[in-house]
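Q: Residue numbers (the working numbering): -6 to 280.
Glycine included, each C-beta is placed from N, C-alpha and C at the ideal position.
Fair warning: this is a prediction, and the values are worked out from it, not measured in the lab.
1. Is the distance from the Cβ of residue 362 to the Cβ of residue 231 below 8 Å?
2. With the cut-off set at 8 Å, would you say residue 145 and residue 76 are in Cβ contact?
3. Give the straight-line distance between the Cα atoms of residue 275 and residue 193, rounded to the nearest whole angstrom.
4. Under 8 Å between C-beta atoms, does residue 31 make it to chain B?
5. Taking all protein chains shown into account, decide if residue 26 is buried (16 or more other Cβ within 10 angstroms of its Cβ) or exposed.
6. What is the DSSP secondary structure of residue 90, reduced to helix, strand or coil?
7. Report the option in 19, 203, 36 whose CA atom is closest to the CA atom of residue 93.
8. Quick check: residue 83 and residue 72, are their CB atoms within less than 8 Å of each other?
9. When the distance is taken between beta carbons, is residue 104 closer than 8 Å to residue 115?
10. When burial is assigned at 16 or more other CB atoms within 10 Å of the CB, is residue 135 buried or exposed?
11. Within 10 Å of its beta-carbon, does residue 185 have 16 or more other beta-carbons around it, so buried, or fewer, so exposed?
12. So which of 53, 42, 267 has the shortest CA-CA distance to residue 207?
13. Quick check on DSSP: helix, strand or coil for residue 40?
14. Any contact of the segment 114 to 131 with the segment 149 to 159, i.e. 3+ C-beta pairs under 8 Å?
15. Taking all protein chains shown into account, do 16 or more other C-beta atoms lie within 10 angstroms of the C-beta of residue 70, making it buried, or fewer, making it exposed?
16. By Cβ distance, which residues of its chain are closer than 6 Å to residue 154, with the 5 residues on each side in sequence left out?
17. Do you know how far the Cα of residue 176 is from the Cα of residue 143?
18. What number of angstroms, rounded off, separates the C-alpha of residue 121 from the C-alpha of residue 247?
19. Helix, strand or coil, according to DSSP, for residue 266 in the structure here?
20. Cβ atoms of residue 214 and residue 163: under 8 Å apart, would you say?
21. How would you write the range of the alpha helix (DSSP H) that residue 207 sits in, first residue to last?
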């Protein structure tokens, strides 16, 4: 009897220790993002075709066995251009988000720890920036400083910074008087150590999900700027640039815009689903 009771007692514990797969939506999203990262690091694993090779006789070939996603007006393979454009699109999204977070941390810490006057000044600055849509701020920057990958990353990063800065400032204000912060001050720890070891990690933890989703949003904004001719310059295989180059042929060659747009949508949905999964995991809402 004791052996049966012991087995029954241990069975739930064994079940709890079993590793569970994420929900199917999160699994697909994480898998898709993993493939994108692999394509960005090693595009030759997916295609050997030169994305810039011009083959006039193959212009406007529809999707088929030889060209899976068709060709454009210059005979360039769409699949090869999307795969090679993954590196540029992901780099723009990650770099722009990193820039947004860096600016947000600086403004958030300044407002949260700088005293009442500085906090009011930072709050006023954020209100002014919020009066303009983020994409409009990015458009103004690119219009003044010119197009290209560098200005595109800076413009997208500046456009997303106010939203992150407001959240960082709110988190800093929420945790700056917490018990562990006061304990660190009482122990005589320098301010820089308290910020780096205690304040910043605890203030940033709730923003991990927002940052994950922000990468997809940055890719959309960068693609929009490239579509308007203010981002990567043709014939660069960047998804937004591909959309811009194919818009004049949408009635006769639908695949020129459909497949780059599809990858933008799937990437955005995947980052959103992955971010929500991380949020549920951190909050303990998953079995």
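A: Result, derived from the coordinates:
1. Any question about residue 362 goes unanswered here, given that the chain covers just -6 to 280.
2. no
3. 17 Å
4. Among the chains of the structure shown, chain B does not appear; only one protein chain is present.
5. With 16 or more other Cβ atoms within 10 Å, it is buried.
6. helix
7. 203
8. no
9. Their beta carbons are under 8 Å apart, which means residue 115 touches residue 104 by this criterion.
10. buried
11. exposed
12. Of the listed residues, the one whose Cα sits closest to residue 207 is 267.
13. Coil at residue 40, not helix or strand.
14. Yes: at least three Cβ pairs fall under 8 Å.
15. buried
16. The residues are 93, 96, 97.
17. Spanning the two alpha carbons is a distance of roughly 44 Å.
18. Taking the straight line from one Cα to the other gives about 41 Å.
19. helix
20. no
21. 201 to 220
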